[in-house]
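Step one of this worksheet: look at the structure below.
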Amino acid sequence: MKASDYSNEQLDQRMRSAGLRPSSARIHVLRYLEKNRNHPTADRIYKALRPDLPSLSRASVYNSLAALERSGLVRPLTLDGCELRYDAFVEDHGHFRCERCGAIHDFPLAHSEAADLCPDGFLARRKDVLVWGLCPSCLEESAESANEKQS
Ligand SMILES: [Zn+2]
Ligand SMILES: [Zn+2]
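The numbering of the sequence shown is the numbering used here, which starts it at 80 and goes up by one.
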């Protein structure tokens, strides 16, 4: 996405076309999620925005997230046992969770998959795909430490 896609007017426009009144808190929360594709928790969003917005309350972050979720602009993400996180990428996509550093990466999924996995007679509306393992940088680190042990 281009930097201009994060402008207030752009975000304002997106909210209006989703039928949502663009409040200042909602715009800040959505922009944060668009810029930080690391699936933050509500608390992390609050702590990141607070220094620039001293009047922002924790409750208004939660309320903004709930409103954005209802309008389909953000997606909540529940990864087995992890706290609730939020994603501004609302197309179906898979998540890769690194067991070592805990980072969550997005990866694309073929659109037909949800329907393909669904038994006959059921209507698939969305799917969650979660893959666990090691991310490239942790993989490199573990290869390096294995080499050190050998030498
Ligand atoms: Zn990692
Ligand atoms: Zn995601």
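The beta carbon of each residue, even a glycine, is placed where N, CA and C say it ideally should be. Since the model is a prediction, treat every value here as computed from it, not as a measurement.
Excluding sequence positions up to five away, which residues of its chain have a Cβ less than 7 Å from the Cβ of Arg179? What you label residue 179 is simply residue 100 of the sequence shown in a count that begins at 1. Leu213, Cys217, listed in sequence order.
If distances are taken between C-alpha atoms only, which option among Asn115, Pro215, Val140 comes closest to Arg105? In the sequence shown, the residue the question calls residue 105 occupies position 26. Nearest of Asn115, Pro215, Val140 to Arg105, Cα basis: Val140.
What three-state label does DSSP hand Cys177 in the structure shown? Looking up residue 177 in the sequence shown gives position 98. Correct three-state label for Cys177: strand.
Limits of the unbroken beta strand (DSSP E) element including Asp166: Here residue 166 corresponds to residue number 87 of the sequence shown, with the count starting at 1. 164-166 is the span of the beta strand (DSSP E), which, as asked, contains Asp166.
Going by the C-beta, is Arg116 closer than 6 Å to any heavy atom of ligand 1? The residue you call residue 116 lines up with position 37 of the sequence shown. It does not: the Cβ of Arg116 is nowhere closer than 6 Å to a heavy atom of ligand 1.
In three-state terms, what does DSSP make of Asp122? By one-based count along the sequence shown, residue 122 stands at place 43. Residue state, collapsed to three classes: helix.
Check this for me: beta carbons of Pro187 and His172, under 7 Å apart or not? As a working note, residue 187 is residue 108 in the sequence shown. As a working note, residue 172 is residue 93 in the sequence shown. Contact: yes.
Where the alpha helix (DSSP H) containing Asp131 begins and where it ends: Mapped onto the sequence shown, residue 131 falls at position 52. Taken as a continuous stretch (DSSP letters only), Asp131 belongs to no alpha helix (DSSP H), as it is neither H nor E.
Consider the C-beta atom of Asp185 and the heavy atoms of ligand 2; say whether any pair is separated by less than 6 Å. Here residue 185 refers to the residue found at position 106 of the sequence shown. Checking every heavy atom of ligand 2 against the Cβ of Asp185, one is found closer than 6 Å.
So for Ser221, helix, strand or coil by DSSP? Against the sequence shown, residue 221 aligns to sequence position 142. Ser221: helix per DSSP, three-state reduction.
Using the C-alpha atoms, what's the distance from Leu163 back to Leu156? For the purposes of this step, residue 156 is taken as the residue at position 77 of the sequence shown. For the purposes of this step, residue 163 is taken as the residue at position 84 of the sequence shown. Approximately 6 Å between the Cα atoms of the pair.
Host beta strand (DSSP E) of Asp91 (start-end): Within the sequence shown, residue 91 is the residue found at index 12, counting from 1. From DSSP, Asp91 is part of no beta strand (DSSP E) but of the alpha helix (DSSP H) over 87-96.
May I have the straight-line CA-CA distance separating Leu152 from Glu219, to the nearest angstrom? For the purposes of this step, residue 152 is identified with residue 73 of the sequence shown, where counting begins at 1. For the purposes of this step, residue 219 is identified with residue 140 of the sequence shown, where counting begins at 1. So the alpha carbons of these two residues sit roughly 35 Å apart.
May I have the straight-line CA-CA distance separating Lys114 from Tyr85, to the nearest angstrom? The sequence position of residue 114 within the sequence shown is 35, counting from 1. The sequence position of residue 85 within the sequence shown is 6, counting from 1. Going from the Cα of Lys114 to the Cα of Tyr85 covers about 8 Å.
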